[in-house]
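Let me begin by presenting the structure, written as structure tokens, before commenting on it.
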Amino acid sequence: MNTSLISLQNVCKQYQKLSALDSVSMTLNQGEVLGLFGHNGAGKTTMMKLILGVISPSSGSVEVMGMAPDSKAAWHTRAKVGYLPENVSFYDQLTGLEVLTYFAKLKGFNKKTAVDLLEQVGISHAMKRQVKTYSKGMRQRLGLAQAFIGKPKLLLLDEPTVGLDPIATRDFYQTVDQLKTQGSSVILCSHVLPGVEQHIDRAMILSAGKLLASGTLAQLRQQADLPVRIKPTGLNGSVSTDPKLSQFLSSGSDRQTLLVPEQEKLATLKQLLSYEMVQDIQVEPANLEQLYQHYLSQPVSLPGGNKS
Amino acid sequence: MMQVLTVANKEFQDGLRNRWLVSITLIFTVLSLGLTYFGAAASGSIGITSLSTTIASLASLAVFLIPLIALLLSYDSFVGEQESGTLLLLLTYPLSKSQLLLGKFIGQGAIIALAIFLGFGSSALLLYFQMDNSQVIASFSLFIFSAVLLGLSFTAIAYLISLSVSEKSKAAGFALITWFVFALAFDLALLALLVGVDSELGQQGLTQLMMLNPADIFRLVNLAGLDSSDVNGAVAIAINASMSQSQLILSLLAWVAIPLSLAIFILKKKTL
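Below, the structure written as structure tokens:
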């Protein structure tokens, strides 16, 4: 792999008595999209603040683009980092354009950049209106436009799709994919997001300041060893009579679904296909939400998983 | 430097947008013109009285109003941005904490300074045309200059408040208390001290105590040169003590610089 953009080595962050992050290590390469998951207070925002250099680690080392982000030397790299905070409310009495122009100027860009970005996130029709008249989704778009100023090499987005309607969410992910192809790295921080799976290269799951798991979704699935859900239609109960298949039948109310371990998947599918009357088969690997639930229900002392 | 100016410009625009500049200027203009023109109404005549009476009344007006306005304008500068989350965001930008603070200070300071200049400057003009006395310009330059310093000093004090609390409402409360202490209570306490222990505390000691309050320094600067008949309170006694005008101005400058440096220090230590 090429040189990593971010690397955290055994980073701990202590707030008085509270341990917000406990010995977390990670790396992020150029052009990679990382999903950072965890419930409230898991340490996601603390980790972002450490990477942004707003706070310093209690122990361990943080490196962003080859230097400590809280040092003076990292000053000029800040213009190449975009950040969308959770729950930010911009200056209400200013218009959207004024807000974005202010932030653009602070990064060394001009009003033109601001206008273009407002166009890109689709709120250029409202740019002359005061931010206090904006809906939640429009504010979120304004926040995103702010994070995109200057085509950042690194984007940290805290709950980016909160308040966005499905179309805006799709547009947002398209932008993320686009930034990724341009070589930007992105950290998406969130509770579990539906639809985020296709857009992230790797996932990290944090809980109570500890890293529970990290790796590609395939790796996480393998580690978690969660069953594949297979749902055949048209078999009319012959599944329950087949000894080979009936062992996988889910025990819940849904008597149609088979929960099959990954390594038995193909054998099961072949078996199902041998029935003439089968009309359709739905195959669903464990999704992110199930993985997340699985890792959170594990005892905390699990090793950090594959550190890629 | 660009960053400081960007922040300053934004704060100045905010001051214009919120009608702060307009309303402060209007208050200063109306009150100062009123005092200048009708100051002698109590003695039965309308029209401009002596320069020293006018300056004395304007100074006693300014000493209450300017600190209050400066505190009101700036008390939520940091705690407000902290509550809305923009402070954290700004600090991820290529903008240092001292640049942010200085930018705000320049922007909001410019609002106060401009309002004082326009508001009291109008009185100066009125007086100048009525009296045709070049002494007017000199006295008013000193008055306006020291009033601006007073305003800046309380802007810096407001930042201290704004950085030390975590809620906007608390900052408002502290700002009000600060105003009460410096504008009213301090003088009363001095008077009480004077009456209570007059033998111990000489004029020199009193003047030195007054250096602890920028509002009193402002009074001293403006009243020192006037007939003591126009001046009353603790200041009247202190005036006779030897303290040169430049020393007083320096003390006022210190009252701008020290709270400002302290505010930068607190902001640098602040964890978000």
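Quick note, the sequences are listed as chains S and D, same order. Each residue of the first sequence is one higher than the one before, counting from -7 in the working numbering. Each residue of the second sequence is one higher than the one before, counting from 697 in the working numbering. Heads up, the beta-carbon is just placed ideally off N, CA and C, and yes, glycines get one too.
Coarse secondary structure for residue i, derived from DSSP in three states
| i | result |
| --- | --- |
| V1044 of chain D | Outside the displayed span of chain D (697 to 968) sits residue 1044 of chain D, for which this structure offers no information. |
| F841 of chain D | helix |
| T788 of chain D | coil |
| Q1 of chain S | strand |
| K942 of chain D | It is Ser, not Lys, that sits at residue 942 of chain D in the sequence shown. In this structure, S942 of chain D counts as helix in the three-state DSSP scheme. |
| D912 of chain D | helix |
| L958 of chain D | helix |
| K34 of chain S | For the record, residue 34 of chain S in the displayed sequence is Ala; it is not Lys. Coil at A34 of chain S, not helix or strand. |
| L294 of chain S | Legend: pLDDT at L294 of chain S = 44, less than 50; position of this residue unreliable, value from coordinates given subsequently. Looking at L294 of chain S - three-state DSSP - the assignment turns out to be coil, as it is neither helix nor strand. |
| E863 of chain D | coil |
| K299 of chain S | Annotation note: pLDDT 38 at K299 of chain S (below 50); position unreliable, coordinate value reported separately. It is coil, neither helix nor strand. |
| L872 of chain D | helix |
| R221 of chain S | strand |
| E666 of chain D | Past the boundaries of the shown model lies residue 666 of chain D; chain D is included only from 697 to 968, so the question cannot be answered. |
| F878 of chain D | helix |
| E55 of chain S | strand |
| A195 of chain S | strand |
| V16 of chain S | strand |
| Y7 of chain S | strand |
| M697 of chain D | coil |
| Q214 of chain S | helix |
| N918 of chain D | helix |
CB of residue i within 7 Å of CB of residue j, strictly
| i | j | result |
| --- | --- | --- |
| S199 of chain S | A34 of chain S | yes |
| G86 of chain S | E189 of chain S | The amino acid occupying residue 86 of chain S in the given sequence is Leu; Gly does not appear at that position. Contact: no. |
| I765 of chain D | I720 of chain D | yes |
| F774 of chain D | S858 of chain D | yes |
| L89 of chain S | M57 of chain S | no |
| F882 of chain D | N918 of chain D | no |
| L227 of chain S | Q282 of chain S | no |
| A871 of chain D | L722 of chain D | no |
| V113 of chain S | A137 of chain S | yes |
| I762 of chain D | A843 of chain D | yes |
| S819 of chain D | S728 of chain D | yes |
| P224 of chain S | I273 of chain S | yes |
Straight-line Cα distance separating residue j from residue i
| i | j | result |
| --- | --- | --- |
| F839 of chain D | S849 of chain D | 15 Å |
| I222 of chain S | Y287 of chain S | 22 Å |
| Q1 of chain S | V178 of chain S | 19 Å |
| L20 of chain S | A854 of chain D | 43 Å |
| G730 of chain D | G815 of chain D | 11 Å |
| S266 of chain S | Q170 of chain S | 44 Å |
| G135 of chain S | G142 of chain S | 14 Å |
| R121 of chain S | N705 of chain D | 20 Å |
| F29 of chain S | M196 of chain S | 6 Å |
| I913 of chain D | L109 of chain S | 51 Å |
| Q655 of chain D | A205 of chain S | In the structure as shown, chain D begins at 697 and stops at 968. Residue 655 of chain D is therefore absent and cannot be evaluated. |
| H117 of chain S | E111 of chain S | 8 Å |
| Q239 of chain S | L212 of chain S | 25 Å |
| S300 of chain S | F82 of chain S | In this prediction, S300 of chain S scores a pLDDT of 36, lower than 50, which makes its location untrustworthy; the coordinate-derived value is nonetheless stated afterwards. Going by the C-alpha atoms only, they are around 37 Å apart. |
| Q831 of chain D | Y126 of chain S | 55 Å |
| S748 of chain D | F836 of chain D | 11 Å |
| L(-2) of chain S | K172 of chain S | It is worth fixing the name first, because residue -2 of chain S is Ile in this sequence and not Leu. The alpha-carbon atoms of I(-2) of chain S and K172 of chain S are separated by roughly 15 Å. |
| Q709 of chain D | M39 of chain S | 35 Å |
| Q699 of chain D | Y789 of chain D | 10 Å |
| L701 of chain D | F961 of chain D | 21 Å |
| S753 of chain D | N714 of chain D | 29 Å |
| K964 of chain D | S794 of chain D | 8 Å |
| G155 of chain S | Q166 of chain S | 17 Å |
| G175 of chain S | T69 of chain S | 16 Å |
| G869 of chain D | A139 of chain S | 35 Å |
| V301 of chain S | T153 of chain S | This structure cannot speak to residue 301 of chain S, because chain S is shown only from -7 to 300. |
| T732 of chain D | V726 of chain D | 10 Å |
| V220 of chain S | D193 of chain S | 21 Å |
| V91 of chain S | M130 of chain S | 13 Å |
| Y7 of chain S | L757 of chain D | 48 Å |
| S242 of chain S | V275 of chain S | 14 Å |
| V270 of chain S | S(-4) of chain S | 49 Å |
| T208 of chain S | A60 of chain S | 26 Å |
| Q263 of chain S | Q215 of chain S | 26 Å |
So within the region 96 to 183 of chain S, which uninterrupted alpha helix (DSSP H) runs reach at least 4 residues, ignoring any that extend past its ends?
Whole alpha helix (DSSP H) segments, 4+ residues: 103 to 112, 128 to 139 and 158 to 173.
Flag this pair as touching only if the region 942 to 957 of chain D and the region 771 to 791 of chain D have three or more C-beta atom pairs under 8 Å; answer yes or no.
Contact between the region 942 to 957 of chain D and the region 771 to 791 of chain D is not established, with fewer than three Cβ pairs separated by less than 8 Å.
Would you call the region 35 to 55 of chain S in contact with the region 6 to 23 of chain S, where contact means no fewer than 3 C-beta pairs closer than 8 Å?
Output reads yes: the region 6 to 23 of chain S touches the region 35 to 55 of chain S.
Between the region 72 to 79 of chain S and the region 89 to 98 of chain S, can you find at least three pairs of beta-carbon atoms closer than 8 Å?
The answer is no - the region 72 to 79 of chain S does not touch the region 89 to 98 of chain S, with fewer than three Cβ pairs under 8 Å.
Threshold first: 3 residues or longer. Then list the beta strand (DSSP E) segments lying entirely within the region 61 to 99 of chain S, N to C.
List check, beta strand (DSSP E) in window: 73 to 76.
If we require 4 or more residues per run, which alpha helix (DSSP H) segments fall completely within the region 755 to 827 of chain D?
775 to 780, 782 to 787 and 793 to 827, all fully within the region 755 to 827 of chain D.
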